[in-house]
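Heads up: the sequence shown is residues 227 to 585, going by the numbering used here.
Down below is the structure, laid out as structure tokens.
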Amino acid sequence: MTKLRETIGRIGPLDEGAMAAAKARQDSLTKPPGSLGRLEELSIKIAGITGKPLPGVERKSIVVMAGDHGIVEEGVSAYPQEVTPQMVYNFLRGVAAINVLARHVGARVVVVDMGVAADLEPHPDLRSRKVAPGTANFAKEPAMSREQAVKALEAGIEVFEAELAKGLDIVATGDMGIGNTTASTAIAAVFTGEPVGLLTGRGTGIGDEQLAHKAKVVEEAIARRQPDPRDALDVLAKVGGFEIGGLAGVILGAAAHRVPVVIDGFISGAAALVATGLCPAAREYLIPAHNSVEIGHQSVLRHLGLRPLLNLDLRLGEGTGAALAISLVEASLKILGQMATFAEAGVSGALEAEPTLPK
């Protein structure tokens, strides 16, 4: 756990000085203060994360982590487990939704095998960090050992740091894994304390009967495993997934190196619960991309105290919502850095007195 402990130890508060400088500039730009709403708030937060009054996000990376889940044995998904490796190959061919949107925002896509239940063919763009070929069925036994949970987290940190070494201003999280909404539902239920029935969504598009079955499977599994919400490693080990642990590691790594991390939907939200359970200070480095249709995601965001940037009825995963949100982050920083101040433009900052109306 040395790598994990060291990373958590480096995570500190946002830079108040950089935020104050960014706010002062925002208030001096040629517009009424606050008139660009959340774009202004976003630029100030990025300043605090990076410690730079005028930050930029030219170098962007979307980390898509894949893993399989033993819980699919319980009939909780509309798709078979074989879809996970098939979609990984789709990412590597550059033709999936995340590839299209990543090109749209100028981000590189990093595909990581954290625990796919298949032997993937070598590819220059595939990072192999497989902890095991899929988790165990947590309806019958813990999803993974505590040691495997640490391994997944540290692999995520190392994947992030490898991207950082190439040059990185912002990172986003994405996922792929049949059965991962079931694991995420269990994680969300444990951390939020909300009833499983109110958190369980349709995932890949299951019907009403299968939805009720999925909720029952999760509820009974939590009762058997008894994950401790005060111990994030215990939660990850008992009901989590390897890609969820890996994404939590990416979040912690980004926070430790003062890099903003845009989290995608429900699976990334579950990873954020694990990361902030391990280090509450990491929450300040999160940029919530969107509000997923997956119902449990809304509870996750409420629990984290985060308000998403977009509401587009997305539920694909892969980092698609995060890719779109990166464009808003970039826009907010271009406003901060490129828009003229009142002084620069020779425009009066405010009326000196109210106009006198004719009687």
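We put the CB at the ideal spot given by N, CA and C, even for glycine.
Mind pulling the beta strand (DSSP E) runs of 3 or more residues that sit fully within the region 342-394?
-> 352-354
Quick one: grab the DSSP three-state call for Gln-239.
-> Translated into positions along the sequence shown, residue 239 becomes position 13. Inspection of the sequence shows that residue 239 is occupied by Pro rather than by Gln. Three-state DSSP puts Pro-239 in coil, outside helix and strand.
Is it buried or exposed for Asn-537, if we count other Cβ within 10 angstroms and need 16 for buried?
-> Here residue 537 refers to the residue found at position 311 when the sequence shown is read from its first residue. The residue is exposed, with fewer than 16 neighbouring Cβ atoms inside 10 Å.
Please report how far the alpha carbon of Ala-388 lies from the alpha carbon of Thr-228, in whole angstroms.
-> Numbered from its first residue, the sequence shown carries residue 388 at position 162. Numbered from its first residue, the sequence shown carries residue 228 at position 2. Distance between the alpha carbons of Ala-388 and Thr-228 is about 18 Å.
Determine contact between the region 272-292 and the region 361-372, defined as no fewer than three beta-carbon pairs at a distance below 8 Å.
-> no
Among Lys-257, Leu-535, Ala-458, Arg-264, the one whose alpha carbon lies nearest that of Ala-566 | Taking the sequence shown and counting its residues from 1, the one referred to as residue 566 is at position 340. For Ala-566, the nearest C-alpha among the options comes from Lys-257.
Does the region 336-354 come within contact of the region 292-309, defined as at least 3 CB pairs closer than 8 Å?
-> Put simply, the region 336-354 touches the region 292-309. At least three CB pairs are less than 8 Å apart.
Are Ala-551 and His-516 touching if we call contact CB-CB under 8 Å?
-> Within the sequence shown, numbered from 1, the residue matching residue 551 stands at position 325. Within the sequence shown, numbered from 1, the residue matching residue 516 stands at position 290. Yes. Within cutoff.
Presumed contact (8 Å Cβ cut-off) between Thr-418 and His-330, rounded CB distance | Taking the first residue of the sequence shown as position 1, residue 418 is located at position 192. Taking the first residue of the sequence shown as position 1, residue 330 is located at position 104. 33 Å between Cβ atoms; not a contact.
Tell me, please, which residues DSSP counts as bridged to Val-290.
-> The count along the sequence shown starts at 1 and reaches residue 290 at position 64. The partner list for Val-290 (beta bridge, DSSP) reads Val-337, Gly-400.
Distance, Ala-248 Cα to Thr-430 Cα | Here residue 430 refers to the residue found at position 204 of the sequence shown. Here residue 248 refers to the residue found at position 22 of the sequence shown. If I take the Cα positions, the gap works out to 42 Å.
Burial state of Pro-259 (16 or more Cβ within 10 Å) = What you label residue 259 is simply residue 33 of the sequence shown in a count that begins at 1. Pro-259 is exposed by the Cβ-count criterion.
With DSSP run on the structure shown, which of helix, strand or coil describes Ile-270?
-> To locate residue 270, count along the sequence shown from 1; it is residue 44. In this structure, Ile-270 counts as helix in the three-state DSSP scheme.
Contact belief for Leu-473 with Thr-399 at Cβ below 8 Å, rounded distance in angstroms | Taking the sequence shown and counting its residues from 1, the one referred to as residue 473 is at position 247. Taking the sequence shown and counting its residues from 1, the one referred to as residue 399 is at position 173. Sure, about 5 Å apart at Cβ, within 8 Å.
Using 8 Å as the Cβ pair cut-off and three pairs as the minimum, do the region 408-427 and the region 451-467 touch?
-> yes
Exposed or buried, what is Gln-564 when buried is set at 16 or more other beta-carbons lying within 10 Å of its beta-carbon?
-> What you label residue 564 is simply residue 338 of the sequence shown in a count that begins at 1. Under this definition Gln-564 is an exposed residue.
Is there contact here, the region 231-247 with the region 503-510, by at least three beta-carbon pairs under 8 Å?
-> yes
Skipping 5 residues on each side, what residues in its chain have a beta carbon closer than 8 Å to that of Ala-447?
-> Your numbering for residue 447 matches position 221 in the sequence shown. Closer than 8 Å at Cβ, skipping near neighbours: Ile-297, Phe-364, Ala-365, Ala-412, Val-465.
Nearest CA to the CA of Arg-285: which residue from Gly-467, Ile-489, Ser-553?
-> In the sequence shown, the residue the question calls residue 285 occupies position 59. The candidate whose alpha carbon is nearest that of Arg-285 is Ser-553.
Does the Cβ of Thr-250 have 16 or more other Cβ atoms within 10 Å, making it buried, or fewer, making it exposed?
-> Residue mapping note: residue 250 aligns to position 24 of the sequence shown, counting from 1. The sequence given here places Ala at residue 250; Thr does not occur at that position. Residue environment: Ala-250 is assigned as exposed (fewer than 16 neighbouring CB atoms within 10 Å of its CB, all protein chains considered).
Count the other CB atoms within 10 Å of the CB of Glu-435; is the residue buried (16 or more) or exposed (fewer)?
-> Reading the sequence shown from its first residue, position 209 is the one you call residue 435. In the assembly as shown, Glu-435 is an exposed residue. Its beta-carbon has fewer than 16 other beta-carbons within 10 Å.
Round the Cβ separation of Gly-543 and Gly-491 to the nearest angstrom and send it over; I've been treating them as touching at under 8 Å.
-> The count along the sequence shown starts at 1 and reaches residue 543 at position 317. The count along the sequence shown starts at 1 and reaches residue 491 at position 265. That pair is a contact at about 6 Å.
Does DSSP put Pro-514 in a helix, in a strand, or in coil?
-> By 1-based counting over the sequence shown, the position of residue 514 is 288. Strand.
Between the Cα of Pro-350 and the Cα atoms of Phe-317, Val-376, Ala-369, which residue gives the shortest distance?
-> Within the sequence shown, numbered from 1, the residue matching residue 350 stands at position 124. Nearest neighbour of Pro-350 by Cα position, chosen from Phe-317, Val-376, Ala-369, turns out to be Phe-317.
DSSP-derived helix/strand/coil call for Val-283 | Counting from 1 along the sequence shown, the entry for residue 283 is found at position 57. Three-state result, Val-283: coil.
Keeping to the same chain, check which residues put their C-beta closer than 6 Å to that of Asp-356; ignore five residues upstream and five downstream.
-> Indexing the sequence shown from 1 puts residue 356 at position 130. The amino acid at residue 356 is misidentified as Asp; the sequence shows Lys. Result list for Lys-356: Asp-339, Gly-341, in chain order.
Closest Cα partner of Leu-462 within the set Glu-308, Arg-372, Leu-255 | Locating residue 462 in the sequence shown gives position 236, where the first residue counts as 1. Of Glu-308, Arg-372, Leu-255, the residue nearest in Cα terms is Arg-372.
Contacts around Gly-423, its chain only, beta-carbon distance under 8 Å, and the 5 residues preceding and following it disregarded = Locating residue 423 in the sequence shown gives position 197, counting from the first residue. If we look at Gly-423 and ignore the five residues flanking it on each side, its Cβ neighbours are Ala-441, Glu-445.
Close-in-space but distant-in-sequence residues of the same chain around Ala-458 (CB under 6 Å, 5 per side omitted) = As a first step, residue 458 is located in the sequence shown; it is residue number 232 there, counting from the start. So the qualifying residues of the chain are Val-500, Gly-503, Leu-504.
Determine which residues share a DSSP beta bridge with Ile-489 and list them.
-> Here residue 489 refers to the residue found at position 263 when the sequence shown is read from its first residue. Note: Ile-489 sits in a beta bridge opposite Pro-514.
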